[in-house]
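Data block below; observations after.
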Amino acid sequence: MTTSSPSTLTLQPSWQRLSPIAIVYFLFDVIKSLSQSFIYLIPGGVVGHRYISGHENEFLIGAIGFIVLVCARCFASYWYYQYRISQDTFEVSVGLFKKRYLNLPFERIQNVKLEQPLIYRFTGHVAVTLDSAGSKDEEAKIYALTQQDANALREAILLARKADQPDLQATIVNTTPSPANQGAEQDEQLLNTRSVLDLVIHGVANNRLWILLGALLSAQDVLLSWMEGLLSDLGLNIDDVIAQATGSWWQISAAALMLFLLLLIPLSLLSILGSIIVFYNYRLSCLSDRYIRRCGLFTRQEVSVRLSRIQMIESKQDWLDRLIGRTNLVFQQNLSGSDSRSIETVSSLVVPSVKAHERDALIAETWPDAQPFTKVQYRSASPYYFLYFLTLFVLPLSIVTSTALWVYLDVGYALAGVSVLIIIALLFFCHWRRLGFAADDHYYYVRSGILGVRYVCFPIYKLQQVSIEQSLLMTKRKLASVKFVLASGAIVVPYIDESLAYDIANQALYKTESLKKSWM
């Protein structure tokens, strides 16, 4: 996506409209939104298909009307979107019924994301997302710029806060790279790449199979009918198998396992396909004071992030990641106002399914004096954290649940209910054992997880706020919880020694005030 030709972006004091190709972008955006909601429409489709029969004409008219409305919406989004670029500010005016105006100074922009959908490759256009490190409403997107203008705008924004850039207007009007910068991509230091095999592993280990299974339960009748037909085509009658397997547990288990695998395999393949589409040809490189990530099969993405704006580094391992020795590394920026539930946000750089030595090398490249996560000596949370959970939650709930099931149903149901609560207690025990905290002169380290493990590392001077929380029971035991608030989110270290908690808070305040470093 990077071009070596000179980039020139002329100042545009009057309002400008997007290229008409943006209409296609808006159309694909609507299709994408509908496809993401498709799983929730399955129950309605299962119920509604009965009413479509015999009313095909009405359904066809409704479908045509819906398509016309979508096309009209896409055209209106294009027509009522206007933008202009001044000396050091980007402005946008958008909306038909609800007007929205945004004035975004370059120095407030956290990072720049260039996105090139498949259709844009034929026209040479790029969609540019400007993340302002504020709320989601303060994020700006230019849906169709030429590749040359997008590169020039990105360079002007990235240079906006440099002290040696007094005349920003010259940078915007004529951003012509020097011979050394014309081969910028060649001059970049390549830090990490991901092969197709790595992406397959990422898709297998990080799919959301159980969420999909839960959503598909609403259409279980249709799924069971489909699976029964599939098994019949294979020469297997599930009723005969169950009938013959009466009293034979292994045959019933084998049949259940076969049914599970028939559903597991296609869903896992979808997760693998999604991983390849998002992260194909992944390249993470470093150029001067910023990281650049490029990836994407159909939609090519390029994200530039200043190293100074990284708030914390996060390493995530699910239970399957731990078995195969992989981890997902995330360089977090300001997440205020963004959807932090999604790992693929503009405000984060994700390195999928790396090995432990690759993770340690990337952390050392970013923060050379930070310790590797696995070599840090962590302090554990107090055992009272687990005991209080058992005493205040598990034990009362076990008594109430087992008594109710015993009285109204049967002793077998009571034992089953207690078994579930025992499993919950065991999982919380794993969570307590995983909790850990460590500190050195410059960084804090936090470990958490249940079956998997999550490591977090952040510089002390990046802290926005430190608070100490105590309940009456904790005060009696001289215990406290510490809450760290960063621009990338909050992290809680529960049930540590009271004196240690105050030492942590005092150290954080002292470091933040004495170093006087900017957290951005």
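Counting from -7, one number per residue, gives the positions in the sequence shown under the working numbering. Beta carbons are placed, not taken as given, at the ideal position from N, Cα and C, and that holds for glycine. Model, not experiment: these values are computed from the prediction.
Could you check where the beta strand (DSSP E) with His434 kicks off and where it finishes? On the sequence shown, position 442 is the one that residue 434 refers to. In the DSSP assignment, His434 falls outside any beta strand (DSSP E) and carries neither an H nor an E.
Quick one: grab the DSSP three-state call for Pro109. Here residue 109 corresponds to residue number 117 of the sequence shown, with the count starting at 1. Coil, per DSSP.
Terminal residues of the continuous beta strand (DSSP E) containing Asp80? On the sequence shown, position 88 is the one that residue 80 refers to. Run containing Asp80: none; DSSP gives neither H nor E here.
Inspect the beta-carbon positions of Gln324 and Ser480 and report whether they are closer than 8 Å. By one-based count along the sequence shown, residue 324 stands at place 332. By one-based count along the sequence shown, residue 480 stands at place 488. Contact flag set, yes.
Buried/exposed call for Asp141, threshold 16 Cβ in 10 Å: Counting from one through the sequence shown, the residue named residue 141 turns up at place 149. Result: buried.
Beta-carbon proximity of Cys278 to Leu183, cut-off 8 Å: Taking the first residue of the sequence shown as 1, we reach residue 278 at position 286. Taking the first residue of the sequence shown as 1, we reach residue 183 at position 191. Yes, these two residues count as a Cβ contact at 8 Å.
Look at the alpha carbon of Trp424 and the alpha carbon of Phe82, and state the distance between them as a whole number of angstroms. As a position in the sequence shown, residue 424 is number 432, starting the count at 1. As a position in the sequence shown, residue 82 is number 90, starting the count at 1. So the two alpha carbons sit approximately 48 Å from each other.
Leu464, buried or exposed, once every other Cβ within 10 Å from all chains shown has been counted against 16: In the sequence shown, counting from the first residue as 1, residue 464 sits at position 472. That one is exposed.
Boundaries (first-last residue) of the alpha helix (DSSP H) holding Val196: What you label residue 196 is simply residue 204 of the sequence shown in a count that begins at 1. Residues 188 to 197.
Taking Cβ positions, are Arg446 and Glu306 nearer each other than 8 Å? Position 454 of the sequence shown, counted from the start, is the residue given in the question as residue 446. Position 314 of the sequence shown, counted from the start, is the residue given in the question as residue 306. In this structure, the beta-carbon distance from Arg446 to Glu306 falls below 8 Å.
When you compare the segment 378 to 393 with the segment 290 to 306, are there three or more beta-carbon pairs, one atom per stretch, that lie closer than 8 Å? With the rule of 3 Cβ pairs closer than 8 Å, the segment 378 to 393 does not count as touching the segment 290 to 306.
Inside the segment 287 to 361 only - alpha helix (DSSP H) runs reaching at least 4 residues: 311 to 316, 348 to 358
Kindly examine the ligand ATP and report whether one of its heavy atoms sits closer than 7 Å to the Cβ of Trp398. No copy of the ligand ATP appears in this structure; indeed no ligand is present at all.
Identify, in the order they occur along the chain, each residue of the same chain with its Cβ nearer than 7 Å to the Cβ of Asn95, setting aside the five sequence neighbours on each side. Your numbering for residue 95 matches position 103 in the sequence shown. The answer, listed in chain order, is Thr81, Glu83.
Kindly provide the ranges of any beta strand (DSSP E) runs that are 3 or more residues long and lie completely inside the segment 419 to 476, ordered along the chain. Entirely contained in the segment 419 to 476, the beta strand (DSSP E) runs reaching 3 residues are, in chain order, 428 to 431, 435 to 440, 445 to 451, 457 to 461.
Under the three-state reduction of DSSP, which class applies to Tyr370: helix, strand or coil? Here the question's residue 370 lines up with position 378 in the sequence shown. Looking at Tyr370 - three-state DSSP - the assignment turns out to be coil, as it is neither helix nor strand.
Hey, Ile15 and Tyr72 are a contact pair by Cβ (cut 8 Å); roughly how many whole angstroms apart? Your numbering for residue 15 matches position 23 in the sequence shown. Your numbering for residue 72 matches position 80 in the sequence shown. About 12 Å; that fails the 8 Å criterion.
Taking the alpha-carbon positions, what's the Cys449 to Val438 distance? The residue given as residue 449 occupies position 457 in the sequence shown. The residue given as residue 438 occupies position 446 in the sequence shown. The straight-line gap from Cα to Cα measures roughly 7 Å.
Strand pairing of Leu478, partner residues [DSSP]: Taking the first residue of the sequence shown as 1, we reach residue 478 at position 486. Residue pairing by DSSP places Leu478 opposite Gly481 in a beta bridge.
Is it buried or exposed, Tyr75, if we count other Cβ atoms within 10 angstroms and call 16 or more buried? Here residue 75 refers to the residue found at position 83 when the sequence shown is read from its first residue. The residue is buried, with at least 16 neighbouring Cβ atoms inside 10 Å.
Whose C-beta lies closer than 7 Å to the C-beta of Ser459 among residues of the same chain, with five residues either side of it excluded? Here the question's residue 459 lines up with position 467 in the sequence shown. Its chain contains Lys475 as the residues whose beta carbon lies nearer than 7 Å to that of Ser459, once the 5 sequence neighbours on both sides are disregarded; these appear in chain order.
For Arg100: DSSP bridge partner residues: Position 108 of the sequence shown holds residue 100. Assignment of beta-bridge partners to Arg100 by DSSP yields no partner.
Who are the Cβ neighbours of Lys468 in its own chain at under 6 Å, not counting the five residues just before and after it? Sequence index remark: in the sequence shown, residue 468 carries index 476 (1-based). Leaving aside the five residues that flank Lys468 on each side, none in its chain has a CB nearer than 6 Å to its CB.
Thr185, buried or exposed, once every other Cβ within 10 Å from all chains shown has been counted against 16: On the sequence shown, position 193 is the one that residue 185 refers to. Its Cβ having fewer than 16 others within 10 Å, Thr185 is exposed.
Determine the closest residue to Asn143 out of His117, Ser124, Tyr436, with distance taken between C-alpha atoms. Taking the sequence shown and counting its residues from 1, the one referred to as residue 143 is at position 151. The shortest C-alpha separation from Asn143 is found at His117.
Rounded straight-line distance, which links the Cα of Leu492 to that of Arg292: Along the sequence shown, one-based indexing puts residue 292 at 300. Along the sequence shown, one-based indexing puts residue 492 at 500. For Arg292 and Leu492, the distance between alpha carbons rounds to 48 Å.
Using C-beta distances below 8 Å, list every residue in its chain close to Ser332, excluding the 5 sequence neighbours before and after it, in chain order. For this step, residue 332 is matched to residue 340 along the sequence shown. Since pLDDT at Ser332 reaches only 43, below the 50 mark, its modelled position is unreliable, and the value read off the structure follows with that caveat. Hits under 8 Å: Gly481.
Does the structure place the segment 307 to 317 close enough to the segment 342 to 356 that three or more beta carbon pairs sit under 8 Å? yes
Enclosing beta strand (DSSP E) for Tyr274 [first to last residue]: Taking the sequence shown and counting its residues from 1, one reaches residue 274 at position 282. Run containing Tyr274: 274 to 279, per the beta strand (DSSP E) assignment.
The beta strand (DSSP E) spanning Tyr135 covers which residue range? To locate residue 135, count along the sequence shown from 1; it is residue 143. Taken as a continuous stretch (DSSP letters only), the beta strand (DSSP E) holding Tyr135 covers 132 to 138.
For the alpha helix (DSSP H) that Thr115 lies in, which residues bound it at each end? Your numbering for residue 115 matches position 123 in the sequence shown. Per DSSP, Thr115 belongs to no alpha helix (DSSP H) and is neither H nor E.
Are the CB atoms of Leu299 and Asp313 within a distance shorter than 8 Å? Here residue 313 refers to the residue found at position 321 of the sequence shown. Here residue 299 refers to the residue found at position 307 of the sequence shown. No, these two residues do not count as a Cβ contact at 8 Å.
How is the alpha helix (DSSP H) around Tyr494 delimited, first residue to last? The residue you call residue 494 lines up with position 502 of the sequence shown. 490 to 507 is the span of the alpha helix (DSSP H), which, as asked, contains Tyr494.
Continuous alpha helix (DSSP H) stretch holding Tyr380: start and end: Position 388 of the sequence shown, counted from the start, is the residue given in the question as residue 380. Start and end: 376 to 381.
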